[in-house]
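Here the structure comes first, spelled out in structure tokens, and everything after it is commentary.
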Amino acid sequence: MRNSNLHIELATKIDCNLLTDIAFAAKRHWNYPEEYYNIWTKELTITPQYLEQAQVYKGTITNQTVGFYSLVDIKQDTYFDTIFINQGMWLEHIFILPQFHLQGIGTYMIKHVKHICSLKQIPYVYIFVDPNALGFYTSIGAQFVRNSDSSIPNRTIPIYKLLID
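2 is the number of the first residue of the sequence shown in our numbering; add one for each residue after it.
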């Protein structure tokens, strides 16, 4: 396997600041306007409370955390402002430090997502897909579901579904 040296384990409270830094570093890689980051601050900040609500896994290579992902189980259809969120399992975050992009780490993490979901008999996960990462999500077989409002005014974001084989 291409990234057999990547170790994936559950994140802990001591990882929160580091995971937040990784989320912002990965988002900043796409050179969004600075005002977007102010809007995204709450979404991208990993807190101990978030760890209690989500399954957060970090990936490390030689004791360096290089990325993480989180799964959140939405118990019923709901709205967050104007954003409709379907009931079901969501891959809420998957972030990799930019210097580790294009090394198969994201694909390896998706394999881990599928493994965890298959153990729980979850048939698919929903994903809010950053438009800059569409190529990655289509390459792993995720399928477009619909466009959604986003937390950025006058901007939509695609929602994809990834089947768990």
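Beta carbons: idealized from backbone N, C-alpha and C, even for Gly.
message: On the CB-based measure, 16 or more other CB atoms within 10 Å of its CB, does Ile15 come out buried or exposed?
response: Exposed, since its Cβ has fewer than 16 Cβ neighbours within 10 Å.
- request: Run the CB neighbour count on Phe101, radius 10 Å, all protein chains shown included, and call it buried at 16 or more, exposed below.
  value: By the neighbour-count definition (other C-beta atoms within 10 Å, threshold 16), Phe101 is a buried residue.
message: Within 10 Å of its beta-carbon, does Phe145 have 16 or more other beta-carbons around it, so buried, or fewer, so exposed?
response: Phe145 should be labelled exposed.
Start and end residues, alpha helix (DSSP H) containing Val114: Ile106 to Leu120 is the span of the alpha helix (DSSP H), which, as asked, contains Val114.
message: Let me confirm a value: His94 is counted as buried when at least 16 other C-beta atoms fall within 10 Å, else exposed. Which label applies?
response: Buried, by the Cβ-count rule.
task: Please work out which residues of its chain come closer than 8 Å, Cβ to Cβ, to Asp78, disregarding the five sequence neighbours upstream and downstream, and give them in chain order.
output: These residues qualify, in order along the chain: Phe85, Ile86, Asn87 and Gln88.
query: Under three-state DSSP, which class holds Lys59?
result: Strand, per DSSP.
- prompt: Can the beta-carbon of Ile62 be found closer than 7 Å to that of Asn18?
  reply: Contact flag unset, no.
task: Quick one: residues in its chain with C-beta nearer than 7 Å to the C-beta of Gly107, no 5 flanking neighbours on either side, listed in chain order?
output: Only residues of its own chain outside the window of five on either side were considered, and among them Ile95, Ile97 and Phe137 have a CB closer than 7 Å to the CB of Gly107, listed in chain order.
- prompt: Should Thr21 and Ile47 be called a contact, given that it needs their Cβ atoms to be closer than 7 Å?
  reply: Yes, Cβ-Cβ distance for Thr21 and Ile47 is below 7 Å.
task: Output the boundary residues of the alpha helix (DSSP H) element that contains Pro124.
output: In the DSSP assignment, Pro124 falls outside any alpha helix (DSSP H), carrying neither H nor E.
query: For Lys76, does the count of other Cβ atoms within 10 angstroms reach 16, so buried, or fall short, so exposed?
result: Exposed is the call here.
- prompt: In or out: Tyr58 buried (at least 16 other Cβ within 10 Å) or exposed?
  reply: Sixteen is the threshold: when 16 or more other Cβ atoms of the shown chains lie within 10 Å of the Cβ of Tyr58, as they do, the residue is buried.
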